[in-house]
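Mapping to our numbering: the sequence shown position 34 is 30, numbers consecutive. Here the structure is laid out as structure tokens; the discussion comes afterwards.
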Amino acid sequence: MATSIGFGAGKDKPGTSKIEFNRDVRALLSDNCFACHGPDEEQRKAKLRLDVKEDAFKPA
């Protein structure tokens, strides 16, 4: 997986593809983090919401 994100399929130069939150990061967070840090306010822990980019990058 790191290879596909870091190098990008079909790119001429390795490592030149820009990482995008929705395409590259959100899927990983969804699989591993959203159960406790997703859209359900009742289930959310530590007041940390990771399913919205602006909230995920908000200073603590």
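Glycine is no exception: its CB is placed at the ideal position from the N, C-alpha and C atoms. Quick caveat, the model's predicted, so the values are computed rather than measured.
Problem - Range covered by the alpha helix (DSSP H) that runs through Ala56 - result: Counting along the chain, Ala56 sits inside no alpha helix (DSSP H), nor does DSSP assign it H or E at all.
Problem - Residue nearest to His33 in terms of C-alpha spacing, selected from Thr12, Asp47, Leu24 and Arg22 - result: Asp47
Practice task
Would you grab the beta carbon distance between Phe17 and Lys49 for me? Rounded to a whole angstrom, and I think it's under 8 Å.
Solution key: 5 Å
Practice task
For Leu44, collect the residues of the same chain with a Cβ closer than 7 Å to its Cβ; drop the 5 residues on either side in sequence, then sort them by chain order.
Solution key: His33
Exercise for the section: Can you give me the start and stop residues for the alpha helix (DSSP H) that Ser13 sits inside? Expected result: Taken as a continuous stretch (DSSP letters only), Ser13 belongs to no alpha helix (DSSP H), as it is neither H nor E.
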